[in-house]
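Okay, so here's the structure we're looking at.
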Amino acid sequence: MKRSFREHQALKIAQYIRSYYRGSFYIEQSGPFHFEAGKACYDNVDNVKWRKLLSQINKEIKNMNPLKVISAG
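Positions in the sequence shown are counted from 1; adding 1113 to them yields this note's numbering.
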């Protein structure tokens, strides 16, 4: 299953990648990308803008704490 995202949804994309570990996703206005081992892959991405977005997504994944508890109110 391939999920589609808007361009500036790095956190949502990071959550998706973290949930599925391996697969692919589509960013509107840029095209398909894939991820493996819980990280967005840079393979065959020459556009600097999209490499920066993939880098931001990987930073969001790295900053996610697996033991993070969401506190109520």
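C-beta: ideal position from N, C-alpha, C; glycine also.
Here the structure is a predicted model, which is why all the values come from computation and not from measurement.
Beta carbon of residue i nearer than 7 Å to that of residue j
| i | j | result |
| --- | --- | --- |
| I1130 | F1118 | no |
Pick from the options that is closest to residue i, judged by C-alpha positions
| i | options | result |
| --- | --- | --- |
| N1176 | L1124, F1146, E1120 and H1147 | L1124 |
| G1136 | C1154, H1121, Q1122 and E1120 | C1154 |
| A1150 | V1161, W1163, S1132 and R1164 | S1132 |
| K1172 | Q1128, V1161, D1159 and P1145 | Q1128 |
Residue i - DSSP class collapsed to helix/strand/coil
| i | result |
| --- | --- |
| E1120 | coil |
| S1143 | coil |
Residue range of the unbroken alpha helix (DSSP H) whose run includes residue i
| i | result |
| --- | --- |
| S1158 | A quick correction: the sequence has Val, not Ser, at residue 1158. Neither: V1158 is in no alpha helix (DSSP H) and is coded neither H nor E. |
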